[in-house]
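All remarks here apply to the structure that follows.
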Amino acid sequence: MTGAEAPLVSAPANGLGRRWQLLAWLMLAALLAVVGAKLVQVSRGPATSGAAPLFTLVDFDGTQHALQAYRGKVVVVNFWASWCAPCAAEAADLEQAWQAYRERGVVFLGVDYVDTEPEARAFIELWQQTYPNGPDRGTLIAQAFRIRGVPETYIIDQRGQLQAPIIGPTNLAQLRAVLDRLLAQP
Amino acid sequence: MRLLRFPFRFALLVGVLGAALFWLPASVFAAPATPTDDEVNAVASQLYCPVCENVPLDVCGTQACSQWRAIIRQKLQAGWSASQIYAFFAEQYGTRVLASPPFTGASVLFWLVPLALLSVGVVVLVRMLRKPAPAAHNPAVPVSAAHAARLERELDDWR
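Protein chains in written order, with numbering that gives the first Met the number 0: chain W, 0 to 185; chain A, 0 to 158.
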């Protein structure tokens, strides 16, 4: 035998080389990471505590309401839709609460979720809601709060911190309890 | 002479225009036809219900879907194309309402990952099909200890 001996072992012609194997594993890992991230996002549930997600709502009159601008005030953010029956059930109480607390500096914002404008405006007129309401363009606000449906109500304290969310329809007594507690804080 | 002919020319012109207007197809003057349910559903089938999960808009029975289909009908009647309507819905309600995710941002992964996996699958398949015919059976021959050790060493390197 002359020179270096031929190797006894070589990659099988029908198998996958190391590079291909590595690529396949990397792609599988990337796919699992994407699926996992989505599952984690879905399973997180609604935002319940900590700093409230910042957003800007443009109401149906075109006025902008940036949450940041209301720092120092208690803010009630209500997600609703005209096609949602429980939203109609809570609409009168929300307006009543707004009338009762607006003089004390409480801000109410209605976020209209996946709705159509004519029906949303009709809903507002029907329930005579006078606090700012606007569409959630691209559902960005709903995604930031990770809402599961409507109605949901989030109350944000003077420091911009979320209080326990109200999942489902709320009522005047429930709102009073939270708002009175927050307004009593120094 | 010309002054005398003018009324006749004028009358002839009015007559021709009147006849043309009379014979023009009625569709020229009619309002755009109301889109049929099939036309609305063809667009709606590429959108998903905002409330229920994984239900196409054309077969969804919720009030929200009914409102959305009404919007589609209005937009079609106004002369919008299907792609304009999809862009409108994506802008209003987010891209998740689209049956086909857009080829932008993180949604690109939804298009590229399956394509990449498919490509790898094709490569694997081609390599497997190229598998050579099995070698003729060779009776086992005794190997020396040195040969076996070298074989093990090379196998370890290859792994």
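Just so you know, even glycine gets a beta-carbon here, dropped at the ideal spot from N, CA and C.
Looking at the structure shown, is residue i part of a helix, part of a strand, or coil, going by DSSP?
| i | result |
| --- | --- |
| Gly137 (chain W) | helix |
| Trp79 (chain W) | strand |
| Ala50 (chain W) | strand |
| Asp58 (chain W) | coil |
| Gln162 (chain W) | coil |
| Phe107 (chain W) | strand |
| Tyr100 (chain W) | helix |
| Val73 (chain W) | coil |
| Glu124 (chain W) | helix |
| Trp19 (chain W) | helix |
| Asn170 (chain W) | coil |
| Pro85 (chain W) | helix |
| Gln45 (chain A) | coil |
| Glu52 (chain A) | coil |
If we ignore side chains and look at the alpha-carbon of each, how far apart do residue i and residue j end up?
| i | j | result |
| --- | --- | --- |
| Val76 (chain W) | Ala172 (chain W) | 17 Å |
| Gly104 (chain W) | Lys72 (chain W) | 6 Å |
| Gly120 (chain A) | Ala90 (chain W) | 56 Å |
| Gln76 (chain A) | Gln40 (chain W) | 39 Å |
| Ala25 (chain A) | Gly78 (chain A) | Low confidence applies to Ala25 (chain A): its pLDDT is 47, below 50, so where it sits in the model is not reliable enough to give any reading. |
| Thr103 (chain A) | Thr94 (chain A) | 10 Å |
| Ile84 (chain A) | Gln73 (chain A) | 10 Å |
| Asp37 (chain A) | Ala63 (chain A) | 19 Å |
Please work out which residues of its chain come closer than 6 Å, Cβ to Cβ, to residue i, disregarding the five sequence neighbours upstream and downstream, and give them in chain order.
| i | result |
| --- | --- |
| Tyr130 (chain W) | Trp97 and Phe107 |
| Glu118 (chain W) | Ser81 |
| Thr55 (chain W) | Gln63 and Ala65 |
| Cys59 (chain A) | Cys48 |
| Ile165 (chain W) | Thr152 |
| Thr61 (chain A) | Val50 |
So with CB distances below 7 Å, who are the chain W contacts of residue i?
| i | result |
| --- | --- |
| Ala115 (chain A) | Met26 |
| Tyr47 (chain A) | Those do not exist, as Tyr47 (chain A) stays about 11 Å from chain W at its closest Cβ, beyond 7 Å. |
Looking only at its own chain, which residues have a Cβ that is under 7 Å from the Cβ of residue i, when we skip the five neighbours before and after it?
| i | result |
| --- | --- |
| Gly159 (chain W) | Ala50, Ala51 and Arg70 |
| Phe122 (chain W) | Ser81 |
| Asp135 (chain W) | Val110, Asp111, Tyr112 and Ala141 |
By the criterion of Cβ-Cβ separation under 7 Å, what are the contact partners of residue i in chain A?
| i | result |
| --- | --- |
| Ala23 (chain W) | Val119 |
| Glu118 (chain W) | Gln66 |
Counting only Cβ pairs nearer than 9 Å, list the residues of chain W close to residue i.
| i | result |
| --- | --- |
| Glu52 (chain A) | Under the 9 Å cutoff, chain W gives no residues; its nearest Cβ is about 11 Å from Glu52 (chain A). |
Return the chain-ordered list of same chain residues with a C-beta closer than 8 Å to the C-beta of residue i, the five sequence neighbours on each side being excluded.
| i | result |
| --- | --- |
| Arg43 (chain W) | Arg145 |
| Ala29 (chain A) | Any reading at Ala29 (chain A) is ruled out, since the residue's pLDDT is 49, under 50, leaving its predicted position unreliable. |
Please list, in chain order, the chain A residues whose beta carbon lies closer than 9 Å to that of residue i.
| i | result |
| --- | --- |
| Arg136 (chain W) | Glu90, Gln91, Tyr92 and Gly93 |
Run through chain W and tell me which residues come within less than 8 Å of residue i, C-beta to C-beta.
| i | result |
| --- | --- |
| Val112 (chain A) | Met26, Ala29, Leu30 and Val33 |
With a threshold of 8 Å, are at least 3 pairs of Cβ atoms found where one atom belongs to the region 107-126 of chain A and the other to the region 16-23 of chain W? yes
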